[in-house]
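Structure first, then comments.
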Amino acid sequence: MLKNAKEVFAESLEKMLKKKTLDHVTVKDIVQDCGVSRQAFYYHFNDIYQLVEWIFKEQTFEALADNKDINTWQQGYHNILERMRQNRNFVYNVYRSISREYLETFMYRVLYEIIYPVVEDQSKGLIVDDKYKEFIAHFYSLAVVAIGMDWIRTGMKENPGEIAEKVAVLVKGDFKKALMKYSK
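In my numbering, the protein residues as written are 8 to 191.
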């Protein structure tokens, strides 16, 4: 399969992050490894952080695939955690290199994009202001980010399936229950 330039840059960065932290990788390192010019890199990305974000998004959306509704999101969340665990060095080196706030913000944006459509779907048949749907998605996104950050901080030791199951127990039925309370 022919790879596009973004994938080539991503592979290069992932390879480097197995050995060193993100703050020790430069655009020059990446383009030298890929055998291209700096302009080629900057055509696709503004900086290394944007490349990291692209990698996380691509892997997240691959992990989610068909797991974006109320009945399958748990498997999608499990897949995300499992991918993070499989790419442990990459995740740790990013975690240690950039501010926790940056990583939390990124994870929040990705999770919100997953959770909001589930909340929206669960609101069918109810009259609920968007601000309440957004608040429910915001609340659960923050909670799931906190669980994920703690899991990374403590060495990714707990089984991803167990984490996904624990979160599912807490969430099961709660979107609908909250939506019904906010319903007009």
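Backbone N, C-alpha and C define an ideal beta-carbon position, used for all residues, glycine too.
Asked                                                                                                                                     : Found
Taking residue 86 as the reference, which of 71, 96, 49 has the closest Cα?                                                               : 71
Please tell me whether residue 192 and residue 24 are closer than 8 Å, where the distance is taken between their beta carbons.            : With the chain covering 8 to 191 only, the question about residue 192 has no answer from this structure.
Just reading off the alpha helix (DSSP H) that residue 86 is part of, what are its end residues?                                          : 80-93
Could you give the distance in angstroms between the alpha-carbon of residue 172 and the alpha-carbon of residue 83?                      : 12 Å
Would the beta-carbon of residue 56 fall within 8 Å of that of residue 105?                                                               : yes
Quick check on the burial criterion: 16 or more other C-beta atoms within 10 angstroms. Buried or exposed for residue 181?                : exposed
Does the pairing of the segment 87-97 with the segment 137-153 give three or more beta-carbon distances under 8 Å?                        : no
Please determine, among 131, 129, 159, 80, the residue with the shortest C-alpha to C-alpha distance to residue 111.                      : 159
Thinking C-alpha only, which one of 125, 108, 130 is nearest residue 73?                                                                  : 125
Quick test of your reading: residue 113 and residue 65, contact by CB under 8 Å. State the CB separation rounded to the nearest angstrom. : In fact, because the Cβ distance is near 13 Å, the residues do not count as touching under 8 Å.
Along the chain, where does the alpha helix (DSSP H) that runs through residue 21 open and close?                                         : 12-23
Find out if the Cβ-Cβ distance for the pair residue 144, residue 119 is shorter than 8 Å.                                                 : yes
Taking only the alpha-carbon atoms, compute the straight-line gap between residue 8 and residue 134 and give it to the nearest angstrom.  : The predicted model places residue 8 with a pLDDT of 49, which falls under 50 and marks its position as unreliable; any figure quoted below should be read in that light. Their backbone Cα atoms lie some 48 Å apart in a straight line.
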